[in-house]
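Remarks on the structure that follows.
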Amino acid sequence: MDKVVVNAADAVADITDGATLAVGGFGLCGVPSVLIQAVHHAGPVGLTAVSNNCGVDDWGLGILLADRRIATMISSYVGENKEFERQFLAGELEVHLTPQGTLAEKLRAGGSGIPAFYTATGVGTQIAEGGLPLRYAADGTIALASPPKATAEFTVGGETRTYVLEEAISTDFALVRAWKGDRHGNLIYRSTARNFNPLAAMAGRVTIAEVEELVEPGELDPDQIHTPSIFVQRVVPLTPQQAANKRIERRTTRPRPASQEG
Numbered sequence: 001m002d003k004v005v006v007n008a009a010d011a012v013a014d015i016t017d018g019a020t021l022a023v024g025g026f027g028l029c030g031v032p033s034v035l036i037q038a039v040h041h042a043g044p045v046g047l048t049a050v051s052n053n054c055g056v057d058d059w060g061l062g063i064l065l066a067d068r069r070i071a072t073m074i075s076s077y078v079g080e081n082k083e084f085e086r087q088f089l090a091g092e093l094e095v096h097l098t099p100q101g102t103l104a105e106k107l108r109a110g111g112s113g114i115p116a117f118y119t120a121t122g123v124g125t126q127i128a129e130g131g132l133p134l135r136y137a138a139d140g141t142i143a144l145a146s147p148p149k150a151t152a153e154f155t156v157g158g159e160t161r162t163y164v165l166e167e168a169i170s171t172d173f174a175l176v177r178a179w180k181g182d183r184h185g186n187l188i189y190r191s192t193a194r195n196f197n198p199l200a201a202m203a204g205r206v207t208i209a210e211v212e213e214l215v216e217p218g219e220l221d222p223d224q225i226h227t228p229s230i231f232v233q234r235v236v237p238l239t240p241q242q243a244a245n246k247r248i249e250r251r252t253t254r255p256r257p258a259s260q261e262g
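Take the sequence shown: its letter number 190 is residue 190 in UniProt numbering, and every next letter is one higher.
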């Protein structure tokens with residue numbers, strides 16, 4: 001089945017107000033920037049975004065945040081996005097801060113049909129006990145706090161510990177970026193750009209993948225495929241210019257060593 005959609009605008013056209021989005025990427029690595037820009041142009045509001053972070057002020061999910069398109073963020077890291085911090089502290093944005101590994105497992109579980117799971121992460125903190133600020137009031141007080149979560153004791157390897165119950169996450173749509181993909185929707189990510197992309201792809205009921213290189217079915221080595229086609233509904237091939245347009249969050253350089261000739 002050919003899942004290729006010629007342009008990003010058509011691929012995201014049915015993302016409407018109030019939709020939930022799982023978005024791949026980590027910092028600015030592996031971010032589906034072309035699809036995010038298309039969502040921005042389409043104009044839906046009141047979105048809930050599930051992503052490790054929210055890009056930066058002028059890139060990735062940051063462009064949706066800056067125009068008040070996102071109502072709720074479920075993420076692990078505020079990162080370098082000053083507007084993300086400002087909106088949260090000013091009471092303009094609801095934020096569910098989630099431990100990074102827990103967020104990853106929530107997305108994986110959602111894509112696997114697992115409704116919830118127990119983890120030791122967060123036990124003894126506000127993650128489990130409740131009271132974590134989700135939304136602030138304009139005066140800086142807590143307007144909405146997280147509720148307590150169920151816990152249970154399990155004995156593993158002879159040791160009894162307390163675990164907290166975490167619910168899975170599934171979303172209306174998922175936006176991901178892949179290095180290579182075929183027309184059926186099989187995807188390969190490159191190096192660290194894999195990050196949250198495979199997990200986001202699993203969690204979306206409709207997963208849209210932008211791919212830097214589109215190949216024909218059968219050209220990808222089955223043993224190298226990270227996201228199989230069953231999880232992907234739409235594939236958007238990028239132009240060479242779009243594929244090359246990548247941002248570096250923090251550029252670190254050092255002087256080039258002197259040559260032997262001096």
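All residues carry an ideal CB built from backbone N, CA and C; glycine is no exception.
Give me the DSSP bridge partner(s) of residue i.
i    : result
M73  : A49, V95
Y163 : A152
W59  : V56
V4   : V235
F26  : C29
A174 : A22, T207
D182 : V215
I188 : K180
T227 : L187
If you measure from the CB of residue i, is any heavy atom of the ligand SAH nearer than 7 angstroms?
i    : result
P133 : This structure simply doesn't include the ligand SAH, nor any ligand for that matter.
I need the boundaries of the alpha helix (DSSP H) containing residue i, first residue and last residue.
i    : result
Q36  : Per the sequence shown, residue 36 should be read as Ile rather than Gln. I36 -> alpha helix (DSSP H) spans 33-42.
E210 : Here E210 belongs to no alpha helix (DSSP H); instead the beta strand (DSSP E) covers 204-215.
D10  : 8-11
L89  : 82-89
P240 : 240-244
Out of the options, which has the shortest C-alpha to C-alpha gap to residue i?
i    : options               : result
L175 : E80, V45, F231, R86   : F231
A120 : V156, T207, E94, T162 : T162
I208 : A145, A109, D172      : D172
T102 : P44, F196, W179, T72  : F196
D10  : Q87, C29, I70, E210   : E210
G43  : D57, D14, V50         : D14
A178 : R194, V164, G218      : R194
The beta strand (DSSP E) spanning residue i covers which residue range?
i    : result
A143 : 142-145
Hey, residue i and residue j are a contact pair by Cβ (cut 8 angstroms); roughly how many whole angstroms apart?
i    : j    : result
L199 : L61  : Actually they do not touch by this definition, with Cβ atoms about 16 angstroms apart.
L132 : L187 : So it is not a contact: roughly 34 angstroms between Cβ atoms.
N53  : S75  : 6 angstroms
V236 : V5   : 5 angstroms
N66  : A138 : Sequence inspection shows Ala at residue 66; the Asn mentioned does not correspond to that position. At roughly 20 angstroms, the Cβ-Cβ gap does not stay under 8 angstroms, so A66 and A138 are not in contact.
R205 : S170 : 7 angstroms
Are the C-beta of residue i and some C-beta of chain B separated by less than 8 angstroms?
i    : result
T119 : This model lacks chain B altogether; it includes just one protein chain.
Note to self: Quick check for students: name the residue ranges of the beta strand (DSSP E) that lie wholly in the region 92-140, counting only runs of 3 or more.
What the structure shows: 94-97, 116-119, 133-136
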